[in-house]
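K.L.:
Here the protein sequences line up with chains A and B, keeping their order.
To convert, note that position 77 of the first sequence is 77 in my numbering; the numbers rise steadily by one, no gaps.
To convert, count from 1 in the second sequence and add 1000; that's my numbering.
The C-beta atom is built at its ideal place from N, Cα and C for all residues, glycine as well.
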Amino acid sequence: MALPEILNGMKVVITNVFKRKETISYPEVRRQPYPRFKGRHILDRHPDGLEKCIGCELCAGACPADAIYVVGAENTPENRFSPGERYAQIYQINYLRCIFCGLCVEACPTEALLMTTEFELSGDSRDELIYTKEQLIVDAPIIRHWPAKTEYSPDRSEKVKIKDGGMVRDARYPENFLPDTRTGKGSE
Amino acid sequence: MTQQQTEMVTVTINGQQVQAENGRLLIDVAEEMGIFVPRFCYHPGMKSVAVCRMCLVKVEGMPKLVPSCSTPVADGMVVETDTPEPAGAQEDMLEFLLINHPLDCPICDRGGECPLQDQTYAHGPGSSRFVEPKRTYEKALDISQLVVLDRERCVLCWRCVRFSDEVAGDRFIQLVDRGSGTQILTFSDEPFDSYFSGNTIQICPVGALTASTYRFVSRPWDLKAAPSVCSYCSVGCPTTNESRGDKLVRVQALPNENVNDFWICDKGRFGFHYVDAKDRLSTPLVRDGDDFRSATWGEAVAAAAEKLGGGKVGVIAGGHLTTEDAFAIQRLARKTIKTPHLDARIQDDGAAYERTLAYSGVVGSTATINDLDGARSIVWVGPDPKEVLPVLYLRLRKAVLDGGAKLIVVSPRRLSLDAFATHVIRCEPGGEANALSALTTTAPVKDDLAAPLVACWSPANPGRETGADLDSLLKVAVEKDARWLVCAPHAGSQGMLDMGVHPALESGYRPIDEPGMDTRAMLEAAAAGELDALIVVGADPISDFPNRNLAQAAMEKVGFSLVIELFPTETARLADVVLPSTAAPEIEGTLTNLERRLQKLEPLTKSPGTAREPWRAMADLARAMDDDWKWTSFADVWAAITKEVPTHQDLDVAALAQEVPPSALQYESGTEEQPGPRGPVVAGPGGQYPKGHRSGAPFKTASWPLSWELRQFEAKQRPGHIPDAPEAPEEKVGAGADAAAPMSGEGFVVYAGRQIYDEGAMVSRSSVLHALSKGAFVELNDEDAKELDVTDGDEVTLTAGNNEMTATVVIADISKGAVFVPYDQKGLRANELLGAGGRVKVAKA
Ligand code: SF4
Ligand code: SF4
Ligand code: SF4
Ligand code: SF4
Ligand code: FES
Chain A
1 MALPEILNGM KVVITNVFKR KETISYPEVR RQPYPRFKGR HILDRHPDGL EKCIGCELCA
61 GACPADAIYV VGAENTPENR FSPGERYAQI YQINYLRCIF CGLCVEACPT EALLMTTEFE
121 LSGDSRDELI YTKEQLIVDA PIIRHWPAKT EYSPDRSEKV KIKDGGMVRD ARYPENFLPD
181 TRTGKGSE
Chain B
1001 MTQQQTEMVT VTINGQQVQA ENGRLLIDVA EEMGIFVPRF CYHPGMKSVA VCRMCLVKVE
1061 GMPKLVPSCS TPVADGMVVE TDTPEPAGAQ EDMLEFLLIN HPLDCPICDR GGECPLQDQT
1121 YAHGPGSSRF VEPKRTYEKA LDISQLVVLD RERCVLCWRC VRFSDEVAGD RFIQLVDRGS
1181 GTQILTFSDE PFDSYFSGNT IQICPVGALT ASTYRFVSRP WDLKAAPSVC SYCSVGCPTT
1241 NESRGDKLVR VQALPNENVN DFWICDKGRF GFHYVDAKDR LSTPLVRDGD DFRSATWGEA
1301 VAAAAEKLGG GKVGVIAGGH LTTEDAFAIQ RLARKTIKTP HLDARIQDDG AAYERTLAYS
1361 GVVGSTATIN DLDGARSIVW VGPDPKEVLP VLYLRLRKAV LDGGAKLIVV SPRRLSLDAF
1421 ATHVIRCEPG GEANALSALT TTAPVKDDLA APLVACWSPA NPGRETGADL DSLLKVAVEK
1481 DARWLVCAPH AGSQGMLDMG VHPALESGYR PIDEPGMDTR AMLEAAAAGE LDALIVVGAD
1541 PISDFPNRNL AQAAMEKVGF SLVIELFPTE TARLADVVLP STAAPEIEGT LTNLERRLQK
1601 LEPLTKSPGT AREPWRAMAD LARAMDDDWK WTSFADVWAA ITKEVPTHQD LDVAALAQEV
1661 PPSALQYESG TEEQPGPRGP VVAGPGGQYP KGHRSGAPFK TASWPLSWEL RQFEAKQRPG
1721 HIPDAPEAPE EKVGAGADAA APMSGEGFVV YAGRQIYDEG AMVSRSSVLH ALSKGAFVEL
1781 NDEDAKELDV TDGDEVTLTA GNNEMTATVV IADISKGAVF VPYDQKGLRA NELLGAGGRV
1841 KVAKA
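So, in structure tokens, the structure goes:
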């Protein structure tokens, strides 16, 4: 007879009825992603408001999914978007292609491209999921937290411990990285 | 050329023994063995200077490391390129170079295809010990319309300086100051005036010289590339077209030692913006009263076919079309419409290329461009090659300055060649023939007319071509046992002659007993209302024919006109049906250059709308006239060509197909497939490079299979066909022969010539080049100028018939009684002056 099998099966069901539920009723209930969760990108700005992105296309070159499209253009004194000569005239990320690997963020030489924890990326059309520069760029610079780390002194003779919140300076843009107590959660 | 027996020596490089020709450079010998020695200053197209010290190698028995780019191989040499000693030196050189290098790769147009990047990856140190501030300069300087200079990035390799000095001969860039202050600059007091400046961008091993048209436009990994051929002139320089998405963004030289060495002119490099000009035709147009309405392709073809069925039809074709178009045009005319009236000579109206037939059995050149290098003497009769056939000018210059050839120039005005010519013979316009006849008897010129001799000719007398000068030149050539370069001016001109778009010649240079009308006769007939229909393919007679009014009247009076064009040209505006045409980067096709070398164009971008190749239009017209050719592809056309054109019957066109080799854009560093000495250069996150990464393996210029020479086939067909006592053809072929203006009469004789940048339909749509056109000027002899009481820079009025134009005087070395005017410049339409009799009155404005 099949009865022992049925009872055996029901045992699994009954024990699980009394277990703590893993599912949450999203979207009414939302879970906070981990701080280093890789979600949708943003483009950061310098403290003076200029765009950090210089339209170099290195992110696009690094992207294994070919999700990024950048077209550079030249800044003029009247129309300045970023420091230096070059800025991104077009910047798009196609979230239908992106696999959230973060290689683009690693490739970015100016730390313009960052990833937030936002993962709610859905839309009614393909077009909607191609994020443009206007959608990606933040209004105000993001203040970031730098973890403790060890660096070498310029002559490499001694190690210098930089404590949490220590100032990390980019030589060209000194006000760039300010000490901060917030965690690296992105723009929100 | 005599075959020289070269001595072979045995050298050992990195433990491998190899036989090499004595005296060759170590760096080349190693490269051929697959051992890449890093380099910056060495360039195979120029002399070694050994200034960058990047290519240091160890040679046994030498006290110090030696630069391999200036060390010839010798017997028994034992060389090491990758042992710690030379490798360490190479690493140190890179560290030195990077001391002052700004490392702004992210905003540098060279990033991703930069020899400095690649070689630093392959041979450089991982980090720099230099922590002091770098020397800085003001960033991007526009040193011309075309070239942008960033001095910080320069590695002082002298390549650009040597190019402008050695190759182009128009010094426009120089290294100034000393030590770490050495910088590259142009001469501030002289205009940057070079037709070849773009080559410095391609050879600069860093991003110090970049193209204004390519600034921040793309990255190498975005680009798709296809080999092509420049369609501006009949030199036919191989190029690589590169597109981002479907937009053509860059054209670069594809080295071919038989044609262009490593170079192309700025027109070929920067003149591609016409392909996406705003007014490019993308849909067929059918006349609707005073205006046009767009139509479908089928509708337009049917409308045209209806009118072409009977009556007297003429066909005029332009110079930028492919061999396939030419074949289709003559097939439609001769086979389907059955008209003998077709011609492709417009600006060069009357140019009697067919005169060579009597001497060699072919119409066109018997010499190759490479023959110039081995020549003892060269005769040049024709327009200024620097303006008209720019890269041929470079080859002539090289033949004279490097090869030691004696150059004899016959011309009514000073040409750029005069600077290095041995003999310059001034004649009056149209007087070239007499001057040439005297060559062989006049000392001292006759002593310098020695074999091997190459006689060069190109039509230079618009409106008064008689063929007499070509005849005289050919007589000299035959007498001296010479070969000749007979250069039809445009990229497609030779193909037109080969395929028989000529009133007196069928394809394969077969003379016709009853010749049809040539361009002038057709236009005259049309203007007189005697022509029922005119087909104009890729040509603009109103702007180009040396009689503007005649062409205009012809287009107005002709019963019906079909124009196939890229743009709404003046001629197209007067047509009844207009079909949109394709541009060279969009098509699979072939072009035949001035030495009758057939080269393949591969398609890259899409043509707009319903534009189609002219050969498809021809096939569609034929089908609409119940003559179905059943052509659907390039291969079908070639199947027909090999069947119907005797000179081309053995041709395997598939063998011409070629992809851009990864090495074609650069001849630096290694690739994954062919690593440099320390393994593959390309590296990147996740191994996804190279995604179209094309900074390639050492480039070899020899045995480049992109082209094919007709010569090999003729050799089979007409063995040694040079008749003993050649008979000069008596009369000019075709009707309407005599356009020659009498040399005596009132006013000055107009001698017109094209300039590199003019109002031509293609070049004028490339705004950067259009801005460089010289505008309206007139060259006067200084005696004539004195009589007119004008000097350099004065404005004068030129009057011919009802036409009056103003131009700026340039006092020049030109035969007395003649004025030189540029052919097609803003405010100066030479074809109006020529049309009004070929003489002008000049008066101070
Ligand atoms: S996260 Fe990865 S897949 Fe997404 S855009 Fe960046 S590189 Fe491309
Ligand atoms: S986001 Fe960064 S890597 Fe991407 S284009 Fe901008 S600066 Fe370059
Ligand atoms: S500008 Fe370029 S080609 Fe000229 S010297 Fe500098 S690095 Fe060499
Ligand atoms: S020389 Fe002629 S074929 Fe060569 S790039 Fe210039 S225009 Fe084109
Ligand atoms: S010294 Fe040999 S390449 Fe520069």
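For the stretch 57-85 of chain A, which residues have a CB atom closer than 7 Å to at least one CB atom of chain B, in sequence order?
P.N.:
Those residues of the stretch 57-85 of chain A that come within reach of chain B (Cβ to Cβ, closer than 7 Å) are E57, L58, G61, A62, P64, G72, A73, E74, G84 and E85.
K.L.:
Within 6 Å: the Cβ of A/I54 and any heavy atom of ligand 2?
P.N.:
Here residue 54 of chain A refers to the residue found at position 54 of the first sequence. A/I54 Cβ: within cutoff of ligand 2.
K.L.:
For B/G1500, I'd like the list of residues in its chain whose CB is within less than 6 Å of its CB, leaving aside the five on either flank, ordered along the chain.
P.N.:
The sequence position of residue 1500 of chain B within the second sequence is 500, counting from 1. Cβ within range, chain order: Q1330, E1506 and S1507.
K.L.:
Check the DSSP bridge columns for B/N1022 and list the partner residues they point to.
P.N.:
For the purposes of this step, residue 1022 of chain B is identified with residue 22 of the second sequence, where counting begins at 1. Note: B/N1022 sits in no beta bridge, so no partner.
K.L.:
How far does the alpha helix (DSSP H) with B/E1514 in it reach, from first residue to last?
P.N.:
Position 514 of the second sequence, counted from the first residue, corresponds to residue 1514 of chain B. No alpha helix (DSSP H) contains B/E1514, which DSSP labels as neither H nor E.
K.L.:
Closer than 8 Å between beta carbons: that is the criterion. Which residues of the stretch 1139-1158 of chain B meet it against chain A?
P.N.:
Listed by position, the residues of the stretch 1139-1158 of chain B near chain A (Cβ gap below 8 Å) are K1139 and A1140.
K.L.:
What is the C-beta distance between B/V1821 and B/V1750, in whole angstroms, given that I count them as a contact (C-beta under 8 Å)?
P.N.:
For the purposes of this step, residue 1821 of chain B is identified with residue 821 of the second sequence, where counting begins at 1. For the purposes of this step, residue 1750 of chain B is identified with residue 750 of the second sequence, where counting begins at 1. Right, their Cβ atoms sit about 6 Å apart.
K.L.:
Going residue by residue through the stretch 1349-1383 of chain B, where are the continuous alpha helix (DSSP H) segments of at least 4 residues, counting only ones entirely within it?
P.N.:
DSSP runs (the alpha helix (DSSP H)) wholly in the stretch 1349-1383 of chain B: 1357-1360 and 1371-1374.
K.L.:
Which stretch, first to last residue, makes up the alpha helix (DSSP H) that contains B/N1803?
P.N.:
Your numbering for residue 1803 of chain B matches position 803 in the second sequence. It is not in any alpha helix (DSSP H) - B/N1803 instead sits in the beta strand (DSSP E) that spans N1803 to I1811.
K.L.:
Can you give the Cα-Cα distance for B/F1327 and B/M1625, rounded to whole angstroms?
P.N.:
For the purposes of this step, residue 1327 of chain B is taken as the residue at position 327 of the second sequence. For the purposes of this step, residue 1625 of chain B is taken as the residue at position 625 of the second sequence. For B/F1327 and B/M1625, the distance between alpha carbons rounds to 18 Å.
K.L.:
Give a yes or no on whether 7 Å exceeds the smallest Cβ distance from B/P1106 to chain A.
P.N.:
Here residue 1106 of chain B is taken as the residue at index 106 of the second sequence, counted from 1. With 7 Å as the cut-off, B/P1106 counts as an interface residue toward chain A.
K.L.:
Does the beta carbon of B/F1096 sit closer than 7 Å to a beta carbon anywhere in chain A?
P.N.:
Counted from its first residue, the second sequence places residue 1096 of chain B at position 96. Answer no: the Cβ-Cβ gap between B/F1096 and chain A never drops below 7 Å.
K.L.:
On the DSSP bridge assignment, give the partners of B/G1753 in chain order.
P.N.:
Taking the second sequence and counting its residues from 1, the one referred to as residue 1753 of chain B is at position 753. Its beta-bridge partners are B/P1822.
K.L.:
Could one say the Cβ of B/W1221 lies closer than 7 Å to chain A's Cβ atoms, at least one of them?
P.N.:
Within the second sequence, numbered from 1, the residue matching residue 1221 of chain B stands at position 221. Closer than 7 Å to some Cβ of chain A, the Cβ of B/W1221 qualifies, so yes.
K.L.:
With a cut-off of 8 Å, do at least 3 Cβ pairs link the stretch 1471-1484 of chain B to the stretch 1298-1306 of chain B?
P.N.:
No, because fewer than three Cβ pairs between the stretch 1471-1484 of chain B and the stretch 1298-1306 of chain B fall closer than 8 Å, the two stretches do not touch.
K.L.:
Under 5 Å from any heavy atom of ligand 4, by CB: list those residues in chain order, please.
P.N.:
Ordered along the chain, the selected set is B/C1230, B/Y1232, B/C1233, B/V1235, B/C1237, B/I1264, B/C1265, B/K1267, B/G1268, B/P1390 and B/V1391.
K.L.:
Interface residues of chain B around A/G102 at Cβ under 7 Å?
P.N.:
Residue numbering aside, residue 102 of chain A sits at position 102 when the first sequence is read from its first letter. Here the premise fails: no neighbours, minimum Cβ distance about 10 Å.
K.L.:
Which residues of chain A have a Cβ atom closer than 8 Å to the Cβ of B/G1112, listed in chain order?
P.N.:
In the second sequence, the residue the question calls residue 1112 of chain B occupies position 112. Simply G61.
K.L.:
At a Cβ cut of 8 Å, what residues of the stretch 26-58 of chain A count as close to chain B, listed as they run along the chain?
P.N.:
Hits within the stretch, in order: I54, G55, C56, E57 and L58.
K.L.:
Just checking: is the beta-carbon of B/F1036 within a distance shorter than 7 Å of some beta-carbon in chain A?
P.N.:
Within the second sequence, residue 1036 of chain B is the residue found at index 36, counting from 1. It does not; no Cβ of chain A falls within 7 Å.
K.L.:
Closest to B/V1809 by CA distance: which of B/E1565, B/F1777 and B/R1520 is it?
P.N.:
Residue 1809 of chain B sits at position 809 when you count from the first residue of the second sequence. The candidate whose alpha carbon is nearest that of B/V1809 is B/F1777.
K.L.:
Could you compute how far the alpha carbon of B/C1052 sits from the alpha carbon of B/R1039?
P.N.:
For the purposes of this step, residue 1052 of chain B is taken as residue 52 along the second sequence, with counting starting at 1. For the purposes of this step, residue 1039 of chain B is taken as residue 39 along the second sequence, with counting starting at 1. The straight-line gap from Cα to Cα measures roughly 8 Å.
K.L.:
Which whole-angstrom value describes the C-beta separation of B/V1239 and B/V1249, a residue pair presumed to lie in contact below a C-beta threshold of 8 Å?
P.N.:
Counting from one through the second sequence, the residue named residue 1239 of chain B turns up at place 239. Counting from one through the second sequence, the residue named residue 1249 of chain B turns up at place 249. At residue 1239 of chain B the sequence reads Thr, which differs from the Val that was named. Actually they are not in contact, since the Cβ atoms of B/T1239 and B/V1249 sit about 13 Å apart, beyond 8 Å.
K.L.:
Report yes or no: do the stretch 1543-1551 of chain B and the stretch 1516-1525 of chain B share at least 3 C-beta pairs separated by less than 8 Å?
P.N.:
Verdict: yes, contact present.
K.L.:
Would you say the beta carbon of A/I90 comes nearer than 6 Å to a heavy atom of ligand 1?
P.N.:
As a first step, residue 90 of chain A is located in the first sequence; it is residue number 90 there, counting from the start. No.
K.L.:
Which residues in chain B sit within 7 Å of A/P109, going by Cβ to Cβ distance?
P.N.:
Position 109 of the first sequence, counted from the first residue, corresponds to residue 109 of chain A. The answer, in chain order, is P1106.
K.L.:
Rounded to the nearest angstrom, how far is the Cβ of B/W1221 from that of A/G9, given a contact under 8 Å?
P.N.:
By 1-based counting over the second sequence, the position of residue 1221 of chain B is 221. By 1-based counting over the first sequence, the position of residue 9 of chain A is 9. Between A/G9 and B/W1221 the Cβ distance is about 56 Å, and since that is not below 8 Å, they are no contact.
K.L.:
Grouping DSSP H, G and I as helix and E and B as strand, with all else coil, what is B/K1224?
P.N.:
As a working mapping, residue 1224 of chain B is identified with position 224 in the second sequence. In the structure shown, B/K1224 sits in a strand (DSSP, three-state: E or B).
K.L.:
Quick one: does B/F1216 have its CB under 7 Å from some CB of chain A?
P.N.:
Reading the second sequence from its first residue, position 216 is the one you call residue 1216 of chain B. So, interface residue.
K.L.:
Would you mind sorting B/A1488 into buried or exposed? The rule is 16 or more other CB atoms within 10 Å of its CB.
P.N.:
For this step, residue 1488 of chain B is matched to residue 488 along the second sequence. Burial call: buried.
K.L.:
If you drop the 5 nearest sequence neighbours on each side, which residues of the same chain put their C-beta closer than 8 Å to that of B/E1299?
P.N.:
Position 299 of the second sequence, counted from the first residue, corresponds to residue 1299 of chain B. Excluding positions up to five away in sequence, the list reads P1284 and V1286.
K.L.:
Note down, one range per segment and in chain order, each beta strand (DSSP E) of at least 3 residues found wholly within the stretch 1589-1615 of chain B.
P.N.:
Runs found: 1589-1592 and 1597-1601.
K.L.:
Check whether the Cβ of B/C1204 lies closer than 6 Å to any heavy atom of ligand 5, and answer yes or no.
P.N.:
Position 204 of the second sequence, counting from 1, holds the residue named residue 1204 of chain B. Flag unset: Cβ of B/C1204 not near ligand 5.
K.L.:
Quick one: what's got a C-beta closer than 8 Å to B/T1610's C-beta in the same chain, skipping five residues either side?
P.N.:
As a first step, residue 1610 of chain B is located in the second sequence; it is residue number 610 there, counting from the start. Counting only Cβ-Cβ distances below 8 Å, and skipping sequence neighbours, we find S1282, T1283, P1284, T1296, W1297 and P1580.
K.L.:
Does ligand 5 have a heavy atom nearer than 6 Å to the CB of B/A1122?
P.N.:
Reading the second sequence from its first residue, position 122 is the one you call residue 1122 of chain B. Flag unset: Cβ of B/A1122 not near ligand 5.
K.L.:
Give a yes or no on whether 7 Å exceeds the smallest Cβ distance from B/S1128 to chain C.
P.N.:
Protein chains A and B are contained in the structure displayed, whereas chain C is not.
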